[in-house]
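J.: So the sequence shown is residues 1 to 315, counted in the working numbering.
Cβ atoms here follow ideal geometry from the backbone N, Cα and C, with glycine treated the same way.
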Amino acid sequence: MSNPNPTTTTTTISAELPPDTRDPPPPYVPDADSDNDSDVPPPEYTGPRRPPRTLRPPFVPHVPFPPCITAYYIYELSPATLRCLRLCDASDPSKTPLFTINLQFGRMHGPLADRRGFNLHNGPSRKDPVIAAAGDESSVDKYVALDDRSVVFIPPVRPAEDATVYHLVEEGMRHLAGGGGEAQGGVTFRWAVEVGRGRRNREVFEWRKKKIGGKGFELVRVRARPGVGSSVVENGEGFSNGDGEVVAVLSWPSGVVDTVKKAFMLEFKGTGLDGFLGDRWALMVIVTAARIWCLRWRGKTTKGYVALAETVHAK
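(1) What separation, rounded to the nearest whole angstrom, lies between the Cα atoms of T96 and T81?
(2) Using the DSSP secondary-structure output, state which residues sit across from K262 in a beta bridge.
(3) I'd like to check one pair, D274 with F65: are the Cβ atoms closer than 8 angstroms?
(4) Kindly list the residues whose CB is nearer than 6 angstroms to the CB of G270, restricted to its own chain and excluding five residues on each side of it in sequence; keep chain order.
(5) Exposed or buried, which one is E76 when buried takes at least 16 other CB atoms within 10 Å?
(6) Per DSSP, S150 is paired with what?
(7) In the DSSP output, what is T301 paired with across the bridge?
(8) Between the Cα of D243 and the Cα atoms of F264, W207, R116 and C68, which residue gives the shortest distance?
(9) Return the first residue and the last residue of the beta strand (DSSP E) that K209 is part of.
(10) Would you list the residues sitting across from R190 in a DSSP beta bridge?
(11) Below 6 angstroms CB to CB, which residues in the same chain sit around L85 once its five sequence neighbours on both sides are set aside?
(12) Between the C-alpha atoms of V257 and A160, what's the straight-line distance to the nearest angstrom?
(13) Just to confirm before moving on: does the CB-CB distance between V157 and E194 stay below 8 angstroms?
(14) Please confirm whether A134 and L283 have their CB atoms less than 8 angstroms apart.
(15) Flag this pair as yes or no: are the beta carbons of K303 and A177 separated by less than 8 angstroms?
(16) R225 to I154, Cα distance in whole Å?
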């Protein structure tokens, strides 16, 4: 019969090491040429050297913006990727994604909260950090038919080291019907941003719908009269009659095959191509271009729609 209260026995095994038969080491004798000053303290221990910092500053693009960008649809089985676009270098035959646009229709992580729009991720995946965003100005805009007022979130001019996505600054983009000069199609989307690399001046830019063909927009660097501030985005005052410089072109794909694969194409030109206006400006161009694509997809870039929306909001 087994013992109901078994006891545990611990056995300790000890081993005796053999005696060390080696000769003892010789006594320490200082070098005759060395400085044997006992008053000099030993060097302070600073610990192991830290590896160089490899993290990017906040909101810095992980790769330079290419001169031509193509936005591709993603056709995968995952429902999450179906609402994403991949931004690629148009000259890259491998179509390696550089940045990702994640469309949102409800509440998501990021500055838009519950407003409809998209986040621009600083990398090839929607899991990469959000570097910018754009969408409806208000959460109720998705219930209002005649409204395409836009809000854009981009990095501040001088972001702090510990800045996060919630430190993005808010900019606006406004639509105008009949703007942009007689040579354009009459539909304009206007915004302003600081440009340059040293002392930054705030300038106004307009996405003007192409009249010939109507397949896209041209971004014009508007020439304002001296002393005109950022209020020109709202009221449209203070501009000269000149057309200004075209610094980017937004175009739509043509043909059945391209239309299925591509969402839009973006090309920098002039001073927008040589980097003179800065990476922050280039980021604003990409975000506003993608926003116009979203509005076009919802039928909100036609001259008739924009004119009617202006009439409603003017009352």
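T.: Once the coordinates are examined:
(1) Rounded to the nearest angstrom, the two C-alpha atoms are 16 angstroms apart.
(2) Y72
(3) no
(4) E245 and V247
(5) exposed
(6) D136 and M173
(7) T301 is not bridged to any residue.
(8) W207
(9) N201 to K209
(10) Here R190 is bridged, per DSSP, to R174 and E206.
(11) A71, I101 and A263
(12) 45 angstroms
(13) The beta carbons of V157 and E194 sit closer together than 8 angstroms.
(14) At least 8 angstroms separates the beta-carbon of A134 from that of L283.
(15) yes
(16) For R225, the pLDDT reaches just 47, beneath the cut-off of 50, and the residue's location in the model is therefore unreliable, although a value from the coordinates is still provided. The alpha-carbon atoms of R225 and I154 are separated by roughly 26 angstroms.
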